[in-house]
Structures are given as C-alpha cells and as structure tokens.
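Using the numbering used here, the first residue of the sequence shown is number 30, and each one after it goes up by one. Down below is the structure, laid out as structure tokens.
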Amino acid sequence: DSYHNAARTSGRVSLGFWLAVLWDEGRSILREQTSGPEGRGRVRGVLIGLLVIWSFTIVAIPPALAPAAWPVLLVPTVAWCGVFLAAPGMGGAVAKAATLVTAAGVTALEVAVGQRVHDLPDLVSLALMLICILFFVKALAGWSRPRSKALAVWTPAEVAFGLLIGAVGALALKAGASTQVDYDSVVNAVFFGLIPIVCGIAGFVIGRQQPDAVAAACAAMTSFLLGAVLWAAARPLFVEVGLPGNISGWRHVITAVVLIDGIFAVTLALLGQVARPKVGALSD
Numbered sequence: 030d031s032y033h034n035a036a037r038t039s040g041r042v043s044l045g046f047w048l049a050v051l052w053d054e055g056r057s058i059l060r061e062q063t064s065g066p067e068g069r070g071r072v073r074g075v076l077i078g079l080l081v082i083w084s085f086t087i088v089a090i091p092p093a094l095a096p097a098a099w100p101v102l103l104v105p106t107v108a109w110c111g112v113f114l115a116a117p118g119m120g121g122a123v124a125k126a127a128t129l130v131t132a133a134g135v136t137a138l139e140v141a142v143g144q145r146v147h148d149l150p151d152l153v154s155l156a157l158m159l160i161c162i163l164f165f166v167k168a169l170a171g172w173s174r175p176r177s178k179a180l181a182v183w184t185p186a187e188v189a190f191g192l193l194i195g196a197v198g199a200l201a202l203k204a205g206a207s208t209q210v211d212y213d214s215v216v217n218a219v220f221f222g223l224i225p226i227v228c229g230i231a232g233f234v235i236g237r238q239q240p241d242a243v244a245a246a247c248a249a250m251t252s253f254l255l256g257a258v259l260w261a262a263a264r265p266l267f268v269e270v271g272l273p274g275n276i277s278g279w280r281h282v283i284t285a286v287v288l289i290d291g292i293f294a295v296t297l298a299l300l301g302q303v304a305r306p307k308v309g310a311l312s313d
C-alpha cells in the first residue's frame, strides 16, 4: 500500500522511499529479536562477543600505532565516553561525572608532564588507550541492563581492588625507576605475576556480587583498568629521573599486561558467578 501511494503521489518511487522502508523494517526486526528473555540473551551474547573482539584488538592496534598519532585515540575515547554517559542501565549521574572528571584529570596530567619532558606522545597515548577501554567496558555494562535494573557505576569492591592494583603497580614502577635496570626482574614479577593474581581474586569477589555474567565480567575488567589508569597517572612522576626499558615504551608492554589481567579477572569473575548463592538458597 505504501508503495502504491508513493507511486500515485509522485509518479515514481524514489531512493528515499526504499531507505525509509529499510529503516522501519530494520527497527521492527531489531525490536522483535531483542524483546523477551531470549532476545535479551541474544543482546548479551553480542555484547560478550564485542568484549572478546575488543580484548584481542587492543593487543594488535596499540603497538602498530605510532605515538605521534595519539590524537587519533581522542575520537574513540570521546565517543565511548558519550556512550557510557548515555547508558540507561548504569545509574548515578554524580558517579558518571566523577569518572569523567578523573579521566580528564589524568589526561591533563599526562599532557602537562609530557610537554615538560618533551615526551608527550608516549605518555598521552598510553593514558588515552586505557581510558578508552575503560569507557568502552562501562558502556557495555550499562547498555546490557534495563533502566529498571540499573547497575552502580562503581561498587565499593571495584574501587577498593582498583586502588590496590594501582598502588601495587605504582610501587613497582618506583622500584624499577630507582634501580635503572632495563626490564628489572622485580617489575616483571609484579606486573606479570603478582598483579594477575590480585586481578583474579578481585574478579572472583566482584563476580559474586554482580547480578549476571556480563555485569560480573565488565565490573572485574573495569576494576583492574582503574588500577592501570593509576599506573599511567603515576608513571609521569618517574619520567624525569629516566625510565628503564620496561617502563618507558609501555605502549607495547601494557597490551600484554592488560590482556593477561583481563583473562584472570574475567575468568574468576565468571567462576564467582557460578559460586554466587542462589536467591532461593538465601531465603531458605
């Protein structure tokens, strides 16, 4: 009927008509496929898939991206920040604003120190990459939940473990800067041994507190990402004394650290979900 009406009105059917039809049909199909329990399960499956794809993407892209190209990272960082702020399933305007202000503050610190020591690209590119991933994961969690069952932006466990991971990493950076030994064994032991264990413990504890698997995985990831952002914020404090090889050039090393920590945190978060007491068992 719409086709015949358009043909009678204008004498021909334009491209705009077919684009409008595709838009309407696409919205209807999407609404139909995402409604009900099965539809929400499909949405969560897509979100988990995006999370997996992103985790492997961060291993490939940052090492190939020249530090001088750091302004390119501003676009996805700002975009994911907007998606995070607009997420209906993550409540707390004050907490969202605090997250945004903290991210902007860390970036401003990196810019200020980078300009002073003439190493702005390397410092800023690392911070922006971590902040971009954090916004992405927070947005993923927020859009996987309905507004009526909104998640807290940050739970106490997320913040506590994030601060712990950040403090341990900052102390390792300080130790590495004081020894002036390239690829210091203590620094490597902390970042590739101790911190993944802490991330695993954090993931299990956080996973038991979250309502579903997607929320658990995202909260565990953002906890250690908070710690990683703190590493990026602490790193400029040691720049002027001269950084050894495993602290400078972190644009490459951090991808492996983030991937390892992410695997530990997400895996233990999902185990925490399995070990989470059932509602019925609690009532009994």
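We put the CB at the ideal spot given by N, CA and C, even for glycine. Please read these numbers as outputs of a predicted model, since none were measured by experiment.
Start-to-end residues for the alpha helix (DSSP H) that takes in residue i
i, result
"Q144", "A122 to V146"
"P175", "Counting along the chain, P175 falls outside any alpha helix (DSSP H), and DSSP gives it neither H nor E."
"T184", "That residue, T184, is in no alpha helix (DSSP H); it is neither H nor E in DSSP."
"F113", "P100 to A115"
"L254", "A242 to A263"
"Q238", "I224 to Q238"
"V219", "Per DSSP, V219 belongs to no alpha helix (DSSP H) and is neither H nor E."
Nearest residue (CA-CA) to residue i, options the options
i, options, result
"A286", "L155, A179 and L297", "First, the amino acid is wrong: residue 286 is Val here, not Ala. Among L155, A179 and L297, the Cα nearest to that of V286 is on L155."
"A248", "D151, L202, L103 and I230", "I230"
"A181", "A170, W109 and L159", "A170"
"G205", "N217, G195 and I194", "N217"
"P306", "V234, W260, T131 and A137", "V234"
"V107", "T184, I283 and A168", "A168"
"A263", "P240, L138 and K178", "L138"
"K178", "G121, P265, L300 and W109", "G121"
"V188", "T284, G232 and L266", "G232"
"Q239", "L102, L288, F164 and L300", "L300"
"L200", "R176, P175, A261 and V142", "A261"
8 Å Cβ cutoff met for residue i and residue j
i, j, result
"G236", "W172", "no"
"L149", "V140", "yes"
"A250", "V166", "Ala is not the amino acid found at residue 250; the sequence shown has Met there. Yes, they are a contact pair."
"L102", "L163", "no"
Close-in-space but distant-in-sequence residues of the same chain around residue i (CB under 7 Å, 5 per side omitted)
i, result
"V197", "V219, L223, I224 and V227"
"S312", "With a pLDDT of only 42 at S312, under 50, the local geometry of the prediction cannot be trusted, and the value read off the model is given with reservation. Cβ neighbours of S312 beyond the five flanking positions: none."
"D290", "I224, P225, C228 and F253"
"P105", "C161"
"A304", "R237"
"A127", "none"
Contacts around residue i, its chain only, beta-carbon distance under 6 Å, and the 5 residues preceding and following it disregarded
i, result
"A246", "V295 and A298"
"A310", "In this predicted model, A310 has a pLDDT of only 45, less than 50, meaning its place in the structure is not dependable; the value taken from the coordinates is given anyway. Within the same chain, A310 has no close Cβ partners at all."
"W99", "P150, V153 and S154"
"F190", "A231 and S252"
Same chain only: Cβ atoms within 8 Å of residue i, ignoring 5 sequence neighbours per side
i, result
"G111", "none"
"L192", "L255, G256 and L259"
Distance cut-off 7 Å: residue i Cβ against heavy atoms of the ligand MG
i, result
"G198", "With respect to small molecules bound, the structure shown includes none, and the ligand MG cannot be examined in it."
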